[in-house]
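Numbers given in the numbering used here equal positions in the sequence shown, counted from 1, plus 4.
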Amino acid sequence: MFDVYKPSGSVGILTYPLVLIGVVFAILMAFVYHLCLSWIPFIYLNFLASIGMGMGLGMIGSFAVTKGQCRNLLLAGVIGILLATAGLGGKYWFQHQSMLRTATAMIRQDPTIPEADRQQAITEFKSAFTIGEHLRLRADQGWQIGKGGGLPIAGIFVYLIWLIEAGIFYYYAVNAPWTAAGQPFSEKNHQWANESQVVMTLPVTDPAMVSKIQSATSVADLLTIPIPQTDQSNRFAVYTVNSIPGQELEDAYLSVANVTISLNNKGEQETKTTMLVEHAILSSANRNQLIENAELLQEALADFRSSKNAEEIEAESVDDVTDTGQS
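This is the structure in structure tokens:
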């Protein structure tokens with residue numbers, strides 16, 4: 005079987021300070037996020053804000069992994085968990101502090117409490133109003149969907165929505181840095197192979213073509229391009245090479261994806277992608293061979309199209325002669 009890229013597990017020294025900075029940014033994002041939740045009255049838009057927050061956390065984690073040159077998948081996952089926890093915890097803490105300030109202001113202005121006793125009342129309230137109590141109160145209050153006292157959402161449904169929110173945070177925050185840490189990296193050049201080039205798009209006209217790619221046991225087999233029967237197809241094998249910028253003589257990494265284009269019930273185009281080969285290691289010679297094969301394929305497809313056009317022109321000429329004879 006041909007060799008494929010596997011992360012070394014090494015961690016660049018810059019990863020750790022970048023993660024700390026990332027946690028600070030996650031907390032700042034949590035502050036903005038909690039303001040958005042308090043300003044936006046529609047739970048549907050809050051859901052979109054949660055997705056945006058999760059994606060932002062993922063971008064922070066991916067940046068820390070990439071710039072820190074972290075090739076350790078386990079650590080990348082931990083980074084994502086740390087950022088999601090900071091973002092989620094920050095959101096609850098800012099909401100708790102906001103409610104504390106509101107309640108404190110109400111106590112200061114409460115005419116039923118003697119002015120001399122107000123500070124003591126504030127101190128007792130702050131001591132009793134823990135984050136746990138804050139969450140319980142918010143769950144009891146819940147939200148209302150619709151105008152004029154619409155459908156209320158409270159109790160266990162609030163906890164369910166919070167669980168979905170947490171799932172969104174952790175999904176994006178963990179997946180993005182984990183994916184980034186698994187990208188090809190040259191230990192020799194100490195550099196990411198982040199230059200991506202689609203070398204060839206092969207029309208798939210027979211399921212056996214896909215089977216041939218999947219059953220390849222060597223790079224030579226993988227570079228033996230199955231010839232399509234036509235240039236027209238809704239399925240394609242897309243050959244993408246990741247390489248180190250400016251290092252054509254170094255190893256590169258080949259991925260082959262099976263891409264199917266179709267129309268759904270609404271007439272909209274949909275694309276389904278399935279990986280056939282991921283990050284197979286190519287030597288410089290292998291890479292040149294792939295490029296040559298891709299050029300030969302394009303020439304073969306061009307010849308096929310020219311032949312087909314010639315046949316169509318000839319068929320039209322025959323039809324014209326036949327029509328003339330009949331008239």
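All C-beta atoms, glycine included, are put in the ideal place defined by N, C-alpha and C. Please read all numbers here as calculations on a predicted model, not as lab measurements.
- Taken through DSSP and simplified to helix, strand or coil, Val-281 comes out as strand.
- About 7 angstroms separates the CB atoms of Val-214 and Leu-280; that is less than 8 angstroms, so the two are in contact.
- Assigned with DSSP and collapsed to three states, Tyr-9 falls in coil, not helix or strand.
- Shown here for His-38: same chain residues with a beta carbon closer than 6 angstroms to its own, the five before and five after excluded, namely Lys-95, Phe-98 and Gln-99 in chain order.
- The beta-bridge partner set that DSSP reports for Asn-246 consists of Ser-200 and Tyr-257.
- Between Thr-244 and Gln-201, the CB-CB gap stays under 8 angstroms.
- Residue pairing for Ala-241: DSSP places it in a beta bridge opposite Leu-206 and Asn-262.
- Exposed is the label assigned to Phe-161, since fewer than 16 other Cβ atoms lie within 10 Å of its Cβ.
- At the C-beta level, Ala-68 and Pro-188 stay beyond 8 angstroms of one another.
- Within the same chain, and ignoring the five residues on either side of Ile-265 in sequence, the residues whose Cβ sits closer than 7 angstroms to its Cβ are Asn-238, Gln-273 and Thr-275.
- When Cβ pairs closer than 8 angstroms are counted between the two stretches, the segment 69 to 81 is seen to touch the segment 14 to 28, the count reaching three or more.
- The beta carbons of Gly-58 and Ile-168 sit no closer together than 8 angstroms.
- By the C-beta density criterion, Ile-44 is exposed, having fewer than 16 other C-beta atoms within 10 angstroms.
- Boundaries of the alpha helix (DSSP H) around Gly-84: 77 to 113.
- Pairwise C-beta distances place the segment 283 to 295 in contact with the segment 250 to 263, as three or more of them are shorter than 8 angstroms.
- Rounded to whole angstroms, Gly-136 and Ser-54 show a C-alpha spacing of 22 angstroms.
- Here the C-alpha atom of Lys-192 lies approximately 26 angstroms from the C-alpha atom of Thr-221.
- Note: Phe-189 is bridge-paired with Trp-196 in the DSSP secondary-structure output.
- Taking the C-beta atoms as reference points, Lys-216 is found nearer than 8 angstroms to Pro-230.
- Here Asp-7 has Ile-285 as same chain residues with Cβ atoms under 6 angstroms from its own Cβ, once five neighbours each way along the sequence are excluded.
- Approximately 4 angstroms separates the beta-carbon atoms of Ala-177 and Ala-88; this is inside 8 angstroms, confirming the contact.
- For the pair Arg-112 and Arg-105, the CB atoms are not nearer than the 8 angstroms cut-off.
- Bridge pairing for Lys-216: absent [DSSP].
- Only residues of its own chain outside the window of five on either side were considered, and among them Leu-227 have a CB closer than 7 angstroms to the CB of Gln-293, listed in chain order.
- Measuring C-alpha to C-alpha distances from Val-208 to each of Val-263, Asp-114, Tyr-174 and Leu-61 identifies Val-263 as the nearest.
- In terms of Cα proximity to Pro-249, the closest of Asp-225, Ala-298 and Glu-199 is Glu-199.
- According to the DSSP assignment, Val-15 belongs to no alpha helix (DSSP H), since it is labelled neither H nor E.
- With a beta-carbon spacing of about 5 angstroms, Leu-77 and Ala-185 fall inside the 8 angstroms limit used to define contacts.
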